[in-house]
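The sequence shown: position 81 = 82 (our numbering), numbered continuously.
What follows is a single structure, written as structure tokens, with notes after it.
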Amino acid sequence: MAVARERWNGYDRDLFVHWTDEDADGCDTRREVLLRDAHSGLRLDGPECRIVSGVWYSAYDDMWVEGSPAGLHVDHMVPLQEAWDSGAHAWGPGRRRAFANDLDGLAAVTAGINEAKGADDPAQWMPPNPDHRCGYIASWIAIKARWELTVDGREAGFLRDLLGGECRGLAIWMGGTH
2 MAVARERWNG
12 YDRDLFVHWT
22 DEDADGCDTR
32 REVLLRDAHS
42 GLRLDGPECR
52 IVSGVWYSAY
62 DDMWVEGSPA
72 GLHVDHMVPL
82 QEAWDSGAHA
92 WGPGRRRAFA
102 NDLDGLAAVT
112 AGINEAKGAD
122 DPAQWMPPNP
132 DHRCGYIASW
142 IAIKARWELT
152 VDGREAGFLR
162 DLLGGECRGL
172 AIWMGGTH
């Protein structure tokens with residue numbers, strides 16, 4: 002990944018069309034993630050892919066959510082604003098839409114932890130669950146690399162320190178290319 006200064010202007014969430022039904026199966030991307038990440042007890046209602054209940058694990062904060070998915074957010078692991086600042090500002094609408102709906106870059110987490118994270122990069126925010134820190138970093142690096150996004154100097158230093166210490170020997174699955 003290239004190290005570059007971030008672009009801190011021009012971001013608008015509406016430039017990233019998200020929660021679309023990319024595979025035309027009646028489930029938007031948010032619901033696809035909730036379906037994928039449900040551990041058990043998944044109950045749907047009707048043909049519109051309406052999720053009534055289930056059991057989910059929010060790895061960031063080591064919390065289980067049972068029942069309604071109302072307390073869950075679907076997190077863009079690399080936040081849309083961070084992506085914009087790191088190179089997505091140069092993308093066309095189709096690539097931004099693909100990024101915003103990339104299932105490999107999304108996770109079901111508790112609403113509170115997603116709000117605490119905001120648009121921060123790992124140098125600014127890390128999951129409070131120590132058992133998920135290295136997994137979070139692996140996902141962050143894989144997503145940034147796959148989408149050819151840059152890292153800023155502070156972010157690069159933080160990642161380098163983690164990979165040389167706490168997360169030494171971390172295997173990173175890069176997935177497909179975009």
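For glycine and all other residues, C-beta sits at the position ideal for the given N, C-alpha and C.
Segment limits, alpha helix (DSSP H) that includes residue i
i	result
R96	P94 to A101
D29	Note, D29: premise wrong, no alpha helix (DSSP H); not H, not E.
E116	A112 to K118
Per-residue burial, residue i [other beta carbons within 10 Å of its own, 16 or more giving buried]
i	result
N102	buried
H40	exposed
E49	exposed
E167	exposed
A71	exposed
N10	exposed
Spatially closest choice to residue i from the options, by CA coordinates
i	options	result
Q125	V152, W57 and A3	V152
V53	L43, D86 and D13	L43
K145	V34, F100 and F17	F100
L36	A5, E167, S69 and M78	S69
L163	I138, Y58, D63 and N115	I138
F17	L81, A3, V56 and D62	L81
Bridge-paired residues (DSSP) for residue i
i	result
A139	BP columns for A139 are empty, so no partner.
L107	H77
V1	The requested residue 1 does not occur in the structure, where the chain is confined to residues 2 to 179.
Residue range of the unbroken beta strand (DSSP E) whose run includes residue i
i	result
R44	A39 to D46
E67	M64 to G68
G55	R51 to S59
Contact test: residue i Cβ vs the ligand PLP heavy atom, cutoff 7 angstroms
i	result
V53	As for the ligand PLP, it is missing from this structure, which has no ligand bound.
(message) Extract the residue ranges of the beta strand (DSSP E) inside the segment 123 to 174, only unbroken runs of 3 or more that lie entirely within it.
(response) With a minimum length of 3 residues, no continuous beta strand (DSSP E) run stays inside the segment 123 to 174.
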